[in-house]
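Per my numbering, the very first residue in the sequence shown carries number 1255; after that it's consecutive.
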Amino acid sequence: MPRERHRPCASLLLAGLIGVLGAGALFAQRIGESVEVREPVEHDLYAAGRGVYVLAPVAGDLVAAAQRVSVEADVAGDVIAAGETVSLWATVLDDVRAAGREVVLAGQVGDHMVAAGETVRLEPAARGGGGGGGGGGGSCASPLPRPG
């Protein structure tokens, strides 16, 4: 009788494991001291480290967290980035959400842009908010000066 009770649990565990392994094919996860993406990524990319440098195109979304995040290649989906310094030098076809002590936006953004930081800088080449269907827009936030 105990074996029969464990059979459904084993089946569920096996199904869960297959699901997790199958989901791994839908995104890439990279973690390390310095993460350099030098070859195209055909799906979503999640990266974390002291430095994250995206030097090759990403066909899906990019989620990056590091002391320094630099995106220098096109991203077909959203970019969500957080770090001490976040720099976006490429084209992002969807939304950008960036937060850091210093955020530099110099690329083109297909839809919405939201950036927050002590210093938020839009370079002359930066373009945003032309996204189809949902309108477009951008916003930047930085701290208010301290009184007195």
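In this text, a Cβ means the ideal position worked out from N, Cα and C, and glycines have one as well.
(1) Mind checking whether the beta-carbon of E1372 lies closer than 7 Å to any heavy atom of the ligand GTP?
(2) What are the boundary residues of the beta strand (DSSP E) that includes G1331?
(3) Considering A1302, what are the terminal residues of the beta strand (DSSP E) in which it resides?
(4) Determine the direct distance from the alpha carbon of T1345 to that of V1363, and round the result to whole angstroms.
(5) On the premise that A1320 lies in contact with V1247, defined as a C-beta separation below 8 Å, what is that separation, rounded to the nearest angstrom?
(6) Go through its chain and collect everything with a Cβ distance to V1350's Cβ below 6 Å, but skip five positions before and after it.
(7) What are the start and end residues of the beta strand (DSSP E) that includes G1364?
(8) For R1292, does the three-state DSSP call read helix, strand or coil?
(9) Name the DSSP bridge partner or partners of T1339?
(10) State the DSSP-derived secondary structure class of L1347, mapped to helix, strand or coil.
Working from what's here:
(1) Only the bare structure without any ligand can be found here, which leaves the ligand GTP out of the picture.
(2) Counting from 1 along the sequence shown, the entry for residue 1331 is found at position 77. Segment: none, G1331 is in no beta strand (DSSP E) and carries neither H nor E.
(3) The residue given as residue 1302 occupies position 48 in the sequence shown. Counting along the chain, the beta strand (DSSP E) containing A1302 begins and ends at 1298-1308.
(4) Here residue 1363 corresponds to residue number 109 of the sequence shown, with the count starting at 1. Here residue 1345 corresponds to residue number 91 of the sequence shown, with the count starting at 1. Spanning the two alpha carbons is a distance of roughly 6 Å.
(5) The displayed coordinates of the chain run from 1255 to 1402. Any statement about residue 1247 would go beyond what the structure contains.
(6) Start at 1 with the first residue of the sequence shown, and residue 1350 comes out as number 96. Only V1333, V1363, M1367 meet the Cβ criterion.
(7) One-based indexing of the sequence shown puts residue 1364 at position 110. Unbroken run through G1364: none, as it is neither H nor E.
(8) Start at 1 with the first residue of the sequence shown, and residue 1292 comes out as number 38. Coil at R1292, not helix or strand.
(9) Numbered from 1 along the sequence shown, position 85 holds the residue referred to as residue 1339. Note: T1339 sits in a beta bridge opposite R1322, E1356.
(10) Walking along the sequence shown from the start, residue 1347 turns up at place 93. L1347: coil per DSSP, three-state reduction.
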